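In the UniProt record's numbering, the protein residues as written are 1 to 444. Note that beta-carbon positions come from the ideal geometry of N, C-alpha and C, so glycine has one too. Every value quoted in this text rests on a predicted model; they were computed, and no experiment measured them.
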Amino acid sequence: MRSSQVIMTVLLGLCVPLLLILLVWDLMDNPHPVPAVVSIAGLVLLCFFFSYVFVVPDDLTSSATDRTLSIASKIFTYTRHGMTPAAALGACRIILPETLASAICITDGKQVIACWGEGSDRCPPGTPVSLATTKQVIESGAMSVFSRDVSASEERRYFPRLRAGVAAPLAVRGRCVGTFELYYPRFSNIDMRQTALATGFADLISTQLASFELERQDEVTARVELRALQSQVDPHFLFNTIGTIVSLVRTEPEKARSLLIDFSNYYRRTLSDSDTLTTLEHEVEQGIRYINLMQARYGAERLHVRVDIDRQTLGCRVPPFILQPLLENCIKHAMREAAPLSIVVSSRATARGLEVMVADDGIGMGEEVLAHLFEPHEVAVDEPRTLTADGSVKRGCGLALSNVLMRIRFFFGDDSGIRVESQQDVGTKVTVELVGEPREPSHA
1 MRSSQVIMTV LLGLCVPLLL ILLVWDLMDN PHPVPAVVSI AGLVLLCFFF SYVFVVPDDL
61 TSSATDRTLS IASKIFTYTR HGMTPAAALG ACRIILPETL ASAICITDGK QVIACWGEGS
121 DRCPPGTPVS LATTKQVIES GAMSVFSRDV SASEERRYFP RLRAGVAAPL AVRGRCVGTF
181 ELYYPRFSNI DMRQTALATG FADLISTQLA SFELERQDEV TARVELRALQ SQVDPHFLFN
241 TIGTIVSLVR TEPEKARSLL IDFSNYYRRT LSDSDTLTTL EHEVEQGIRY INLMQARYGA
301 ERLHVRVDID RQTLGCRVPP FILQPLLENC IKHAMREAAP LSIVVSSRAT ARGLEVMVAD
361 DGIGMGEEVL AHLFEPHEVA VDEPRTLTAD GSVKRGCGLA LSNVLMRIRF FFGDDSGIRV
421 ESQQDVGTKV TVELVGEPRE PSHA
């Protein structure tokens, strides 16, 4: 509350009792109290008038603000997944009672998406846009207040009894993508409040459309990045793994057969169209396949892996292709020249969601490397183009980490992420923290 309102409230609280005391005193001393009663009554009314002017408006403003936020929230419930006919109709039903208009219409510039009110049955969703005013708003991107001659054949089709209206543009990133239109019986029904409402609701819907468009772009980017990562079949890794399997065919045929099955399932999973959520169980299975192939190449004595997954977390939904890149980083960047490498894969449920950990006892990293770990371009440029022990081309580990982080944030939001703890010559622990429930991407 502002200081002036506080002062006014205090004064009113003092004045009213004081006036009552004066009234009683005057009645006791004055045999003709009518003038005093009239004067004091006038002062009391004046006090109430000032209380209305200084105190009540804030309550009215607060009420109007709450109502506006409530309407915006209801509209967002419908339009958060895009301007479909059902969503647009839901928004129209909410908005129309808040105006003096008799009908409301939302178009995409080419056809009607939804309309509601008097005469709305004459232009159902899909009706081509033919009104000159609508076309003008689409071309100019500016609001138009208009009156019209409903006797014209093309005008008669839209709301024949409504002779005036307001058409406001729906804009996304500076481009007009549709119109928001209110129709009235007479031009005199349109005042500044009605034009302000039309502009305000159009801006609100435009903002939500822009947010939805950005969300769709993020989704497309995440899918493209995932498919790009999946398609990076390193020929060195491919040929060396096949060579390892071939070398075992005569000496250990059963092991060669098992590895061939793992190899087939591994690449089938890697190259599949995995742009939707999967389960932690499937991610662990894919990681084990990769480890089996690596143990065949290095030998079980050089690569020890222990899986300690909480069974209660196996059904948890996680972004696809997040565990195998972490295991690959361990082998490519943590393995010493001769000493064995131990890796532990674990998971646990937390109060906030799920944590998946990959820890190794490899060469570790210094603070300088950790500081730039999620900058794949700078790290990759500085590293020499050499082959790793698994026969693939060595790349910056930040490339895989940044890709995994992007998809984690896409599905789970900014509260989720990757935490890396490392000490040189001791080892590294990477923790994937997934907070809350994932959002389901659209398939549009």
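C-beta contact flag for residue i and residue j at 8 Å
i    : j    : result
Q295 : L323 : no
G119 : R161 : yes
M192 : A168 : no
I418 : L405 : yes
T133 : V112 : no
C92  : I104 : yes
V318 : L280 : yes
V166 : V145 : yes
L182 : A196 : no
F180 : A164 : no
I309 : V345 : yes
V420 : E355 : no
I94  : I75  : yes
L89  : A72  : no
Chain-order list of residues whose beta-carbon lies under 6 Å from that of residue i (same chain, five-residue window excluded)
i    : result
S342 : H304, D361
L326 : V358, V430
A86  : none
H377 : Caution applies to H377, whose pLDDT of 46 falls short of 50 and renders its modelled position unreliable; the value that the coordinates give is listed next. Answer for H377: no residue qualifies.
D108 : G178
Beta strand (DSSP E) segment containing residue i, residue limits
i    : result
H304 : 303-308
Y183 : 175-184
E433 : 427-435
C330 : Taken as a continuous stretch (DSSP letters only), C330 belongs to no beta strand (DSSP E), as it is neither H nor E.
C105 : 103-107
A167 : 164-172
L354 : 353-360
I95  : Segment 85-95 is the alpha helix (DSSP H) holding I95; no beta strand (DSSP E) there.
A114 : 112-117
R419 : 417-423
V249 : Here V249 belongs to no beta strand (DSSP E), and DSSP marks it neither H nor E.
S147 : 144-147
Boundaries of the alpha helix (DSSP H) in which residue i is found, first to last residue
i    : result
A349 : Looking at the DSSP string, A349 is not in any alpha helix (DSSP H); the run it does join, the beta strand (DSSP E), is 341-349.
S130 : Run containing S130: none; DSSP gives neither H nor E here.
M294 : 280-298
A338 : Element bounds for A338: n/a, residue is neither H nor E.
Residue burial classification, residue i (beta-carbon count within 10 angstroms, cutoff 16)
i    : result
I242 : exposed
E254 : exposed
N265 : exposed
H333 : buried
S102 : buried
I261 : exposed
P320 : buried
R250 : exposed
F187 : exposed
F424 : Per the sequence shown, the amino acid found at residue 424 is Gln instead of Phe. It counts as exposed.
G178 : buried
G364 : buried
Any non-hydrogen atom of the ligand FMN closer than 7 Å to residue i Cβ
i    : result
A164 : The ligand FMN is not part of the structure shown, which contains no ligands of any sort.
Neighbourhood of residue i by C-beta, 7 Å cutoff - its chain only, sequence neighbours within 5 removed
i    : result
Q312 : A349
F374 : G398, L401, S402, L405
Own chain residues within Cβ distance below 8 Å of residue i, not counting five before or after
i    : result
T278 : R317, V318, P319, P320
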